[in-house]
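Visitor: Top line first, the protein sequences correspond to chains F and Y. Counting from 1 along the first sequence, just add 369 to a position and that's the residue number in this note's numbering. Counting from 1 along the second sequence, just add 4 to a position and that's the residue number in this note's numbering.
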Amino acid sequence: NAGVTQTPKFRVLKTGQSMTLLCAQDMNHEYMYWYRQDPGMGLRLIHYSVGEGTTAKGEVPDGYNVSRLKKQNFLLGLESAAPSQTSVYFCASSYDAGSYEQYFGPGTRLTVT
Amino acid sequence: AQSVSQHNHHVILSEAASLELGCNYSYGGTVNLFWYVQYPGQHLQLLLKYFSGDPLVKGIKGFEAEFIKSKFSFNLRKPSVQWSDTAEYFCAVKSGNTPLVFGKGTRLSVIA
């Protein structure tokens, strides 16, 4: 049982390049989330999904797109990377949106130059 | 919109000192409350959580938190910190089906 995994762990992009971050969970969780973590800002929700085929915007969705084609995977895309998107990205999942805790992945450190 | 405030950005303590980290939230309805910890270079892990019942919640590694509804607070405590408690601590609040809302975090540095 691997829990929540993220690939890649590190990435450096040039401004304007695109990339996709992959999150996978093997806990059969319905809900999945993408956060970004910046110094002094805590974790801010980018997008989330309440089930396969669904997505919703979080607090800071601009510049990102997501897809949840399979229940176990949640992809985060950057179409045209900007230096402001330099951050650490965490994926999380939970059984539902009620009282269940969220389980976090190890993070992806992205630098946009 | 719901918000979570953590009053201390950085706390520095000596080993064996007592710890209390403040957390206040803005939502007035039924809430679920969490404290997560992030050790250097690692991902977030759950320390403890409150859903209902006894407002004093005990978590892992000797941590506890007290839910005071009248003060909209969920402060984290530990009687005696260790060097290994050096980490960033995040309070988070959940109400209904809305996503978890995190505070900005408090960095704890424990010195020998």
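Every residue, glycine too, gets a C-beta built ideally from N, C-alpha and C. As the structure is a prediction and not an experimental result, all values here were calculated from the model.
Taking a Cβ distance cut-off of 7 Å, strictly less, list which residues of the stretch 29 to 63 of chain Y are near chain F, in chain order.
Guide: Result list: N36, F38, H47, L48, L50, K53, F55.
Visitor: Name the residue from Y458/F, G476/F, K440/F whose alpha carbon lies nearest to the alpha carbon of D465/F.
Guide: Numbered from 1 along the first sequence, position 96 holds the residue referred to as residue 465/F. Residue K440/F is the option with its Cα nearest to D465/F.
Visitor: Between the Cα of F38/Y and those of F106/Y, S84/Y, V114/Y, spot the shortest distance and give me the residue it belongs to.
Guide: The residue labelled residue 38/Y in the question sits at position 34 within the second sequence. Of the listed residues, the one whose Cα sits closest to F38/Y is F106/Y.
Visitor: Go ahead and label H416/F buried or exposed: buried means 16 or more other beta carbons lie within 10 angstroms of its beta carbon, across all protein chains shown.
Guide: Position 47 of the first sequence, counted from the start, is the residue given in the question as residue 416/F. By the 10 Å Cβ count, H416/F comes out buried.
Visitor: Comparing C-alpha positions only, which one of S84/Y, Y54/Y, H47/Y sits nearest to E24/Y?
Guide: Walking along the second sequence from the start, residue 24/Y turns up at place 20. Nearest of S84/Y, Y54/Y, H47/Y to E24/Y, Cα basis: S84/Y.
Visitor: What is the residue span of the beta strand (DSSP E) that K469/F lies within?
Guide: Stepping through the first sequence from its first residue, residue 469/F is reached at position 100. The sequence as given places Tyr at residue 469/F; Lys does not occur at that position. Where Y469/F is concerned, there is no enclosing beta strand (DSSP E), given that its DSSP letter is neither H nor E.
Visitor: Can you pull the chain F residues whose beta carbon is under 9 Å from the beta carbon of K80/Y, in chain order?
Guide: Locating residue 80/Y in the second sequence gives position 76, counting from the first residue. With the sequence shown as reference, residue 80/Y is identified as Leu, and Lys is not the correct amino acid for it. What L80/Y touches in chain F: nothing, since even the nearest Cβ is about 15 Å away.
Visitor: Assign S418/F to one of three DSSP states: helix, strand, or coil.
Guide: Start at 1 with the first residue of the first sequence, and residue 418/F comes out as number 49. In this structure, S418/F counts as strand in the three-state DSSP scheme.
Visitor: Under 8 Å Cβ to Cβ from L48/Y, same chain only, skipping five residues before and after it: list those, please.
Guide: The residue given as residue 48/Y occupies position 44 in the second sequence. Y40, V41, Q42, F94, listed in sequence order.
Visitor: Could you tell me which of P430/F, Y400/F, E399/F sits nearest to E448/F, measuring between CA atoms?
Guide: Start at 1 with the first residue of the first sequence, and residue 448/F comes out as number 79. If we check each option's Cα against that of E448/F, P430/F comes out closest.
Visitor: Whole angstroms is fine: what's the gap from S88/Y's alpha carbon to L17/Y's?
Guide: By 1-based counting over the second sequence, the position of residue 88/Y is 84. By 1-based counting over the second sequence, the position of residue 17/Y is 13. About 12 Å.
Visitor: From A461/F to Q471/F, what distance separates their C-alpha atoms?
Guide: In the first sequence, the residue the question calls residue 461/F occupies position 92. In the first sequence, the residue the question calls residue 471/F occupies position 102. Looking at the two C-alpha atoms, the distance is approximately 6 Å.
Visitor: Mind checking whether Q6/Y and S30/Y have CB atoms under 7 Å apart?
Guide: Locating residue 6/Y in the second sequence gives position 2, counting from the first residue. Locating residue 30/Y in the second sequence gives position 26, counting from the first residue. Yes, the pair counts as a contact, with Cβ atoms nearer than the cut-off.
Visitor: From this set, E399/F, R437/F, S387/F, which residue's C-alpha is nearest T480/F's C-alpha?
Guide: For the purposes of this step, residue 480/F is taken as the residue at position 111 of the first sequence. For the residues E399/F, R437/F, S387/F, the minimum Cα distance to T480/F belongs to S387/F.
Visitor: So F76/Y packs on Y54/Y, CB below 8 Å; how close in whole Å?
Guide: For the purposes of this step, residue 76/Y is taken as residue 72 along the second sequence, with counting starting at 1. For the purposes of this step, residue 54/Y is taken as residue 50 along the second sequence, with counting starting at 1. Rounded, the Cβ-Cβ distance is 13 Å, inconsistent with contact.
Visitor: Note down the Cα distance separating K98/Y from T384/F, rounded to an integer number of angstroms.
Guide: For this step, residue 98/Y is matched to residue 94 along the second sequence. For this step, residue 384/F is matched to residue 15 along the first sequence. Cα-Cα distance, rounded: 36 Å.
Visitor: What does the alpha-carbon distance come out to for the pair P408/F and S56/Y?
Guide: Start at 1 with the first residue of the first sequence, and residue 408/F comes out as number 39. Start at 1 with the first residue of the second sequence, and residue 56/Y comes out as number 52. Going from the Cα of P408/F to the Cα of S56/Y covers about 32 Å.
Visitor: Taking C-beta pairs closer than 8 Å, name the residues in chain Y that E470/F reaches, listed in chain order.
Guide: The residue given as residue 470/F occupies position 101 in the first sequence. Here the neighbours are F38, L50, K53.
Visitor: For the beta strand (DSSP E) containing N79/Y, name the first residue and the last one.
Guide: Position 75 of the second sequence holds residue 79/Y. Residues 77 to 82.
Visitor: Out of S463/F, F459/F, M396/F, state which residue places its alpha-carbon closest to the alpha-carbon of F379/F.
Guide: Numbered from 1 along the first sequence, position 10 holds the residue referred to as residue 379/F. Considering only alpha carbons, the answer is F459/F.
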